[in-house]
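Notes for the one structure printed next.
There are 2 protein chains.
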Amino acid sequence: MTHACILLAHGSSDPRWSEPFQQLLIAIRQQLSSEQANRVELAYMELSQPSLTHQINTLVAQGVTDINILPLFFAAGRHLRQDVPQQLEQLKQELKSQGKSVTLMLDSPVGLAPEVNQAICQVVLQQLDQ
Amino acid sequence: MTHACILLAHGSSDPRWSEPFQQLLIAIRQQLSSEQANRVELAYMELSQPSLTHQINTLVAQGVTDINILPLFFAAGRHLRQDVPQQLEQLKQELKSQGKSVTLMLDSPVGLAPEVNQAICQVVLQQLDQ
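Those protein sequences? They're chains A and B, same order as listed. Per my numbering, the first sequence starts with residue 1, numbered consecutively. Per my numbering, the second sequence starts with residue 131, numbered consecutively.
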């Protein structure tokens, strides 16, 4: 089993929008070994490139068999409850028909993680202290 | 000068989407004195209620003169670069015409705060270790 993680952001027609996500990817990779760093990628749901499908296919071609998709979202709406699960199911079937068994796991939005929630609380408390 | 903070989320047609934001507001208020807790509110840009305009008008009616608007976003696209600044400028003029001088400050997206970025890094690193 080779494990990888795709950070999934929404995407935007404004190219400046994606800069913080690219910076986040760099910051994460800097904390990893070079082998691990190759197993963290960034994808966008719509409007920006690369797409989730592209990144999954690329990782699978490299021998990855187990992919966590971590949404860089604060909450789950239609996109994460319907669109992305449907897309993943379709992709899983396509890969299976090519003889590739891949586990695709859609995680909870990162904004719901206790660490992230606590960090947001800190930012607000600092602001109110000003 | 009385200071308040409005957490600004995008909004969604799915009512389940807004639950984590309401929980975040509760978590933040629990860490504040009751007086401070009344000065943190939540607003949505579109599709969900209450709106940013409603929350600003409510706080101003309570005597607040200085409001930070903290976007619960990971990055700034068209909404935060154009729509919200235009809305705030219009609102400021309306309040001024009513003889109310209010400072409305649109902050950087909370996802860009170093604390939040570091927390996201932690979540990803934990996931890769699994």
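Beta carbons are placed, not taken as given, at the ideal position from N, Cα and C, and that holds for glycine.
With distances taken Cα to Cα, identify the nearest neighbour of residue i among the options.
i	options	result
L91(A)	L125(A), Q49(A), N117(A), T58(A)	T58(A)
D196(B)	Q217(B), K230(B), E224(B)	K230(B)
W147(B)	Q23(A), W17(A), A75(A)	A75(A)
Q217(B)	C251(B), I186(B), N168(B), N247(B)	I186(B)
By the 10 Å Cβ neighbour count, where 16 or more other Cβ atoms means buried, how is residue i classified, buried or exposed?
i	result
S178(B)	buried
G193(B)	exposed
H54(A)	exposed
I26(A)	exposed
A249(B)	buried
S12(A)	buried
E35(A)	exposed
P244(B)	exposed
P15(A)	exposed
In chain order, what residues of the same chain lie with their CB nearer than 8 Å to the CB of residue i, ignoring the 5 residues before and after it?
i	result
L200(B)	C135, I136, L137, L138, D237, V240
Q223(B)	none
V214(B)	L138, M175, L182, I199, P201, L236
Excluding sequence positions up to five away, which residues of its chain have a Cβ less than 6 Å from the Cβ of residue i?
i	result
P50(A)	A43
Q82(A)	none
R103(A)	In the sequence on display, residue 103(A) carries Thr and not Arg. Here the set comprises D66.
R169(B)	A134
H10(A)	M45
Within 6 Å: the Cβ of residue i and any heavy atom of the ligand MG?
i	result
M235(B)	Within the structure as shown, the ligand MG is missing, as the structure has no ligands at all.
In its own chain, which residues sit with a C-beta less than 7 Å from the C-beta of residue i, not counting the 5 before and 5 after it?
i	result
H79(A)	M45
If you scan the segment 35-122 of chain A from start to end, which runs of the alpha helix (DSSP H) of 4 or more residues do you find wholly inside it?
-> 52-61, 84-97
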